[in-house]
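Notes follow the structure.
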Amino acid sequence: MLEFFPFKRTIPFMSWGKVTTMISLVTFLFAVWALWEKGLNLGVDFTGGTVMEVHTSQPADLPAIRAALEKTGLPEVSVQTFGTSRDVLIRLPNKGEANASETSNRVMAALTPGNPAIELKRVDFVGPQVGKELYDNGALALLVVAFGIMAYLAIRFEWRFALAGMLANLHDIVIILGMFAFFQWEFTLTVLAGVLAILGYSVNESVVVFDRIRENIRKMRGATVPHIIDDAITRTMSRTIITHGSTQIMVLSMLFFGGEALHNFALALTIGILFGIYSSVLVASPLLLMFGVKREHFIKPVEKKQEAVV
Amino acid sequence: MNRFPLWKYVLIGITLVIAFLYTLPNFFGEVPAVQVSPVRTTEKADTALLGRVESALKSAGLGYQGVELAGNSIKVRVASTDLQIKAKDTLQGALGDGYTVALNLVSASPEWLSSIHALPMYLGLDLRGGVHFLLEVDMKAALEKAAIRYQNDFRTELRGDKIRYGAITRQGDAVTVHFATRDQRDAALNKLANVFGDLAFTPEDQADGFTLAARLKPQAQTKVQEFALQQNITTLRNRVNELGVAEPVIQQQGASRVVVQLPGVQDTAKAKDILGRTATLEIRMVDEQADPTAIQQGQAPFGDDIVPLRGGGKIAVKKDVVLTGDSITDAAPGFESTSGQAAVHVNLDGKGARIFKDVTRENVGKRMAILLIEKNVAEAITAPVIREEIGGGRVQITGMETAQEASDVALLLRAGALAAPMQIVEERTVGPSMGAENIRKGFHSNLWGFLAVTLFMVIYYRVFGLFSSIALAINGFLLIALLSMLQATLTLPGLAGIALTLGMAIDANVLINERIREELRNGATPQAAIHAGYDRAWGTILDSNLTTLIAGVALFWLGSGPVRGFAVVLCLGILTSMFSAVTVSRAMVNLTYGRKPRLAKVSI
Chain L
1 MLEFFPFKRT
11 IPFMSWGKVT
21 TMISLVTFLF
31 AVWALWEKGL
41 NLGVDFTGGT
51 VMEVHTSQPA
61 DLPAIRAALE
71 KTGLPEVSVQ
81 TFGTSRDVLI
91 RLPNKGEANA
101 SETSNRVMAA
111 LTPGNPAIEL
121 KRVDFVGPQV
131 GKELYDNGAL
141 ALLVVAFGIM
151 AYLAIRFEWR
161 FALAGMLANL
171 HDIVIILGMF
181 AFFQWEFTLT
191 VLAGVLAILG
201 YSVNESVVVF
211 DRIRENIRKM
221 RGATVPHIID
231 DAITRTMSRT
241 IITHGSTQIM
251 VLSMLFFGGE
261 ALHNFALALT
271 IGILFGIYSS
281 VLVASPLLLM
291 FGVKREHFIK
301 PVEKKQEAVV
Chain Y
1 MNRFPLWKYV
11 LIGITLVIAF
21 LYTLPNFFGE
31 VPAVQVSPVR
41 TTEKADTALL
51 GRVESALKSA
61 GLGYQGVELA
71 GNSIKVRVAS
81 TDLQIKAKDT
91 LQGALGDGYT
101 VALNLVSASP
111 EWLSSIHALP
121 MYLGLDLRGG
131 VHFLLEVDMK
141 AALEKAAIRY
151 QNDFRTELRG
161 DKIRYGAITR
171 QGDAVTVHFA
181 TRDQRDAALN
191 KLANVFGDLA
201 FTPEDQADGF
211 TLAARLKPQA
221 QTKVQEFALQ
231 QNITTLRNRV
241 NELGVAEPVI
251 QQQGASRVVV
261 QLPGVQDTAK
271 AKDILGRTAT
281 LEIRMVDEQA
291 DPTAIQQGQA
301 PFGDDIVPLR
311 GGGKIAVKKD
321 VVLTGDSITD
331 AAPGFESTSG
341 QAAVHVNLDG
351 KGARIFKDVT
361 RENVGKRMAI
371 LLIEKNVAEA
381 ITAPVIREEI
391 GGGRVQITGM
401 ETAQEASDVA
411 LLLRAGALAA
421 PMQIVEERTV
431 GPSMGAENIR
441 KGFHSNLWGF
451 LAVTLFMVIY
461 YRVFGLFSSI
471 ALAINGFLLI
481 ALLSMLQATL
491 TLPGLAGIAL
501 TLGMAIDANV
511 LINERIREEL
521 RNGATPQAAI
531 HAGYDRAWGT
541 ILDSNLTTLI
551 AGVALFWLGS
561 GPVRGFAVVL
571 CLGILTSMFS
581 AVTVSRAMVN
591 LTYGRKPRLA
601 KVSI
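Residue numbers (full-length UniProt numbering), protein chains in the order written: chain L, 1 to 310; chain Y, 1 to 604.
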């Protein structure tokens, strides 16, 4: 039997509680700082504007392209290569609604004389109103998912578990967002979908551990709560790492083979999965302990009949 | 202990066969085809049309591989893209303007698969190339347009009843009529309130006279706006048909938006040009009494508008609209028989023809202007003198400079007018090469990821790992089969969703396998360990999948476009993975180990 994680003894995770809480607090605060200070580099989906990708037959002459575009009078054009030297990304912010939709035609008309073989690969134009709506809906989706999962955990387990699980997962989400803010990676609608998927996925891990804690509470009668939690984490550890590993394999495959279109989506998932291991083990459970989970929460005491006071 | 009753195996077997059959069409690829569909939605593609298509192709000596009637269109398969273009030209020539002939791709899967409705998934624009537009209808303008109509109607009604009135002014969507006396105003209120039930009237006493303000009631406003949206959708449909796109999507989204998707369109500039035109046509009488110098200075006589005349100069036209583009049933470019000038031949509907006949009879010798209004700017295309009464609803408009212009005007008229202006609020264009690249990369990321996971599982869990991997592959088949059955649109995020679900699906098997190992470690017999492993893991699998399902449902609910595609795949993937990871892998385990009562060892 091949085993990567043959833990024979229970690992005292809970005694490291102070250290791990410190670590997550620091990373969390760092992420919050990055979000506050730098902000998310929101993609065209949310801000509105135009993004175009063109392909030239020769390595692109960026200064010439910039000069050609400047003549069209379009404001604040940014031009950069994208992936290869022959793929060019052109970004234009939303300036006034008039004729924004004709921008791509104007850009192509300006570029064609200098580059006869130029090929339009992609245009994304989003009006400011639509962008704002998507942004609001995205924020709402995040909230709905968070509350939905919390409600589910509260019903399935108990409110302490729900709160601990949710906080641990929000910690993951904030860290993903913080990384995107810190490195100024582009945050698009697809990345948001990835973040929400992580929110669902990351809870899986907490649920597996919680499930085992509940089972241990019923089974390990003499043990203290921290020991019960330690045991639950140790027993599920190899499973946690293997499942995360296999999901990570898929996601890395997307990161390497999926092309530019899936790159940031895969990136968000990668960070989410890495932190998912950590948070489900070392954030959710200490929180649970902090909230004061007790054996009685699961083993229903025999209800005493209230005696009438005579 | 680890045995399934026969019916369970049979059920799993049937599921797998069905899944395999419905996944199959996705692997056959596509062949070039020509699609014929009637321009008007009221007409149907039928077997008679099928016959015409076949005979046209035969008489042109074009070989084709198959003809099928699908939905409201006919698809002709051909062997090569060269033949495809020839067939398109042949059919367009033979069938005429009443039909849209477009290039298309159809599944190359054999006919028996199509006959059981096993069809490949529909590829989204990001995978096949094309344009996606989101257009927003200007609802304020729709109300203003209605107000202008009432402005004209008030004039007619009040004049008909000989009620004296002053100016009729309009501000936004409110129309105000001015009166000199209170009695006139009250008489007008009586009359108008009777005729126009949709309007709310507010009489007011001003210092310099009496006014009556009219505005649409809220329900009527909603109705006007709904109508404007529907009219615009119809118009867009007509315009898109002119472009000859194989499978266009034109759908309402929300209260004021329309989605237009044009797969395979490469000339986006032309598509935008045709869709974005907000032109309407109006026929109005020229005011012959107007002072020419005042017109040149831009001073409009009372009750007139001044518009530029194509080819130079300005003319004054009456505010009253004789006819609008709504009355036009057909328009075709052509040439005037005597002068050989480019012209547009217009057919009017019954009501329009009657009005036109009356107006031309009463105004022989006077001039009539045909106005083209694009983006709220009016221009008189031509202002011919009426020589005689024109009956029968057949009108010829001259004044176009070139044949191309005549054909553009004809297209515009034929496509109908927009009830309110629209603007593009979102555009996404994906070039065909980019689409192909997206498919290839999406497919590869799935393939390599799957192979890596399989390799790991087999090395780590041996026979159980193999079972898990097979279950994972089956999960992939089930998911694709389900998506194909639902005829879902596969997008790039959808492909990412498949990869992600496959990655997450193995989670259930890892849970089970780890549980079995643990039971073995605790000294359980192999049979008991297998049983307990599957049994105990089930609750956990259910819990963890349900949380992801919650995220998926929320994404579907609040997401838009491609994100929705991702959400659908995620949700379906969770359902199929629960089935394949628990039931299918268990079936394999049971078949292998279940019959041995005293199992000494399992390979895990």
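Quick reminder that beta carbons are idealized off the backbone N, C-alpha and C, glycines included. Note that the structure is predicted; figures quoted are calculated from it, not measured.
Can you name the start and end residues of the alpha helix (DSSP H) that residue 642 of chain Y belongs to?
With chain Y covering only 1 through 604, there is no way to say anything about residue 642 of chain Y.
Under the three-state reduction of DSSP, which class applies to L:His297: helix, strand or coil?
Start at 1 with the first residue of the first sequence, and residue 297 of chain L comes out as number 297. L:His297 falls in the helix class under three-state DSSP.
Quick one, which of Y:Thr169, Y:Arg515 and Y:Val307 has its alpha-carbon nearest Y:Gln297's?
Numbered from 1 along the second sequence, position 297 holds the residue referred to as residue 297 of chain Y. Measuring from the Cα of Y:Gln297, the nearest candidate turns out to be Y:Val307.
Which term fits Y:Glu204, buried or exposed, when burial requires 16 or more other beta carbons within 10 angstroms of its beta carbon?
Position 204 of the second sequence holds residue 204 of chain Y. By the neighbour-count rule (16 or more Cβ atoms within 10 Å), Y:Glu204 is not buried but exposed.
In whole angstroms, what is the alpha-carbon distance linking L:Val225 and L:Arg212?
Along the first sequence, read from residue 1 onward, the residue named residue 225 of chain L stands at position 225. Along the first sequence, read from residue 1 onward, the residue named residue 212 of chain L stands at position 212. Rounded to whole angstroms, L:Val225 to L:Arg212 spans 12 Å at the Cα level.
For Y:Val137 versus Y:Lys88, is the C-beta spacing smaller than 8 Å?
Looking up residue 137 of chain Y in the second sequence gives position 137. Looking up residue 88 of chain Y in the second sequence gives position 88. Taking 8 Å as the Cβ cut-off, Y:Val137 and Y:Lys88 do not qualify as a contacting pair.
Please report whether the beta-carbon of Y:Glu519 lies at a distance below 8 Å from any beta-carbon of chain L.
Walking along the second sequence from the start, residue 519 of chain Y turns up at place 519. No, no contact with chain L.
Going by other Cβ atoms of all chains shown within 10 Å of its Cβ, with 16 needed for buried, is Y:Asp173 buried or exposed?
As a position in the second sequence, residue 173 of chain Y is number 173, starting the count at 1. Looking at its Cβ environment, which holds 16 or more other Cβ atoms inside 10 Å, Y:Asp173 is buried.
With DSSP as the reference, identify every bridge partner of Y:Ser37, one or two as the case may be.
Residue 37 of chain Y sits at position 37 when you count from the first residue of the second sequence. Per DSSP, Y:Thr100.
Grab the span of the alpha helix (DSSP H) containing Y:Lys58 for me, first residue to last.
Position 58 of the second sequence, counted from the start, is the residue given in the question as residue 58 of chain Y. Start and end: Thr47 to Ser59.
Just to make sure I have the definition right: I need the residues of chain L whose C-beta is within less than 8 Å of the C-beta of Y:Leu558. Which are they?
Taking the second sequence and counting its residues from 1, the one referred to as residue 558 of chain Y is at position 558. Those are Asn137, Gly138, Leu140, Ala141 and Val144, listed as they occur along chain L.
Look at the alpha carbon of Y:Gly325 and the alpha carbon of Y:Glu437, and state the distance between them as a whole number of angstroms.
As a first step, residue 325 of chain Y must be located in the second sequence, where it is residue number 325. As a first step, residue 437 of chain Y must be located in the second sequence, where it is residue number 437. Rounded to whole angstroms, Y:Gly325 to Y:Glu437 spans 44 Å at the Cα level.
With the cut-off set at 8 Å, would you say L:Glu205 and L:Thr240 are in Cβ contact?
As a first step, residue 205 of chain L must be located in the first sequence, where it is residue number 205. As a first step, residue 240 of chain L must be located in the first sequence, where it is residue number 240. Yes, these two residues count as a Cβ contact at 8 Å.
Can you tell me which of the three DSSP states Y:Ala255 falls into?
The residue given as residue 255 of chain Y occupies position 255 in the second sequence. Of the three classes helix, strand and coil, the one that applies to Y:Ala255 here is coil, per DSSP.
Any C-beta of chain L sitting closer than 8 Å to the C-beta of Y:Lys441?
Indexing the second sequence from 1 puts residue 441 of chain Y at position 441. Answer yes: the Cβ-Cβ gap between Y:Lys441 and chain L drops below 8 Å somewhere.
Out of curiosity, what's the CA-to-CA distance linking L:Gly148 and Y:Ile550?
Indexing the first sequence from 1 puts residue 148 of chain L at position 148. Indexing the second sequence from 1 puts residue 550 of chain Y at position 550. Rounded to the nearest angstrom, the two C-alpha atoms are 6 Å apart.
According to DSSP, is Y:Gln261 part of a helix, a strand, or is it coil?
As a working mapping, residue 261 of chain Y is identified with position 261 in the second sequence. It is a strand residue.
Using CA atoms only, rank isn't needed, just tell me which of Y:Phe335, Y:Ala380 and Y:Ile370 is closest to Y:Gly313.
As a first step, residue 313 of chain Y must be located in the second sequence, where it is residue number 313. Checked all of Y:Phe335, Y:Ala380 and Y:Ile370; the closest Cα to Y:Gly313 is Y:Ala380.
Tell me which residues share the same chain as Y:Glu30 and place their Cβ nearer than 7 Å to its Cβ, disregarding the 5 neighbours each side in the sequence.
Position 30 of the second sequence, counted from the start, is the residue given in the question as residue 30 of chain Y. Closer than 7 Å at Cβ, skipping near neighbours: Leu105, Val106, Ser107 and Ala108.
Of all Cβ atoms in chain Y, is any one closer than 8 Å to the Cβ of L:Leu189?
Mapped onto the first sequence, residue 189 of chain L falls at position 189. At least one chain Y Cβ lies under 8 Å of L:Leu189.
What are the boundary residues of the beta strand (DSSP E) that includes Y:Asp205?
Translated into the one-based positions of the second sequence, residue 205 of chain Y becomes position 205. Its beta strand (DSSP E) spans residues Leu199 to Gln206.
Would you identify the three-state DSSP class for Y:Leu6, choosing helix, strand or coil?
Against the second sequence, residue 6 of chain Y aligns to sequence position 6. Residue state, collapsed to three classes: helix.
Which residue marks the beginning of the beta strand (DSSP E) containing Y:Val510, and which one marks its end?
Stepping through the second sequence from its first residue, residue 510 of chain Y is reached at position 510. Counting along the chain, Y:Val510 falls outside any beta strand (DSSP E), though it belongs to the alpha helix (DSSP H) covering Leu492 to Arg521.
Express the C-alpha separation of L:Ser246 and Y:Val453 in angstroms, rounding to a whole number.
On the second sequence, position 453 is the one that residue 453 of chain Y refers to. On the first sequence, position 246 is the one that residue 246 of chain L refers to. For Y:Val453 and L:Ser246, the distance between alpha carbons rounds to 6 Å.
Straight-line CA distance for Y:Met434 to Y:Asn522?
What you label residue 434 of chain Y is simply residue 434 of the second sequence in a count that begins at 1. What you label residue 522 of chain Y is simply residue 522 of the second sequence in a count that begins at 1. Approximately 55 Å, taken between the alpha carbons.
At a Cβ threshold of 8 Å, is L:Val310 touching chain Y?
For the purposes of this step, residue 310 of chain L is taken as residue 310 along the first sequence, with counting starting at 1. Bear in mind that a pLDDT of 47 at L:Val310, under 50, signals an unreliable position, so the number given afterwards is only what the model happens to contain. Output row for L:Val310: interface = no.
So if I threshold CB-CB distances at 8 Å, which residues from the stretch 249-275 of chain Y count as touching chain L?
Within the stretch 249-275 of chain Y, the qualifying residues are Thr268, Ala269 and Lys272.
First and last residue of the beta strand (DSSP E) that includes L:Phe125?
Taking the first residue of the first sequence as position 1, residue 125 of chain L is located at position 125. L:Phe125 -> beta strand (DSSP E) spans Glu119 to Val126.
Report yes if the CB atom of Y:Thr501 is closer than 8 Å to the CB atom of Y:Gly565, and no otherwise.
Sequence index remark: in the second sequence, residue 501 of chain Y carries index 501 (1-based). Sequence index remark: in the second sequence, residue 565 of chain Y carries index 565 (1-based). Taking 8 Å as the Cβ cut-off, Y:Thr501 and Y:Gly565 do not qualify as a contacting pair.
Beta-carbon of Y:Arg428 versus every beta-carbon of chain L: anything under 8 Å?
Here residue 428 of chain Y refers to the residue found at position 428 of the second sequence. At least one chain L Cβ lies under 8 Å of Y:Arg428.
Using a Cβ distance threshold of 8 Å, determine whether the stretch 45-52 of chain L contacts the stretch 117-128 of chain L, with at least three qualifying pairs required.
Because the criterion of three Cβ pairs below 8 Å is met, the stretch 45-52 of chain L and the stretch 117-128 of chain L touch.
Use the C-beta contact count for L:Phe183: other C-beta atoms within 10 angstroms, 16 or more gives buried, fewer gives exposed.
Within the first sequence, residue 183 of chain L is the residue found at index 183, counting from 1. By the 10 Å Cβ count, L:Phe183 comes out exposed.
Taking the C-alpha atoms as reference points, what is the distance between Y:Arg387 and Y:Ala331?
As a first step, residue 387 of chain Y is located in the second sequence; it is residue number 387 there, counting from the start. As a first step, residue 331 of chain Y is located in the second sequence; it is residue number 331 there, counting from the start. So the two alpha carbons sit approximately 22 Å from each other.
Could you tell me which chain Y residues have their CB closer than 8 Å to the CB of L:Val130, listed as they occur along the chain?
In the first sequence, the residue the question calls residue 130 of chain L occupies position 130. Residues of chain Y passing the Cβ test: Leu134, Val425 and Glu426.
Just the C-alpha distance for Y:Ile516 and Y:Arg536, rounded to the nearest angstrom, thanks.
Residue numbering aside, residue 516 of chain Y sits at position 516 when the second sequence is read from its first letter. Residue numbering aside, residue 536 of chain Y sits at position 536 when the second sequence is read from its first letter. Cα to Cα, the separation comes out at about 9 Å.
Looking only at its own chain, which residues have a Cβ that is under 7 Å from the Cβ of L:Val310, when we skip the five neighbours before and after it?
Start at 1 with the first residue of the first sequence, and residue 310 of chain L comes out as number 310. With a pLDDT of only 47 at L:Val310, under the threshold of 50, the placement of this residue in the model should not be trusted, and no figure is reported.
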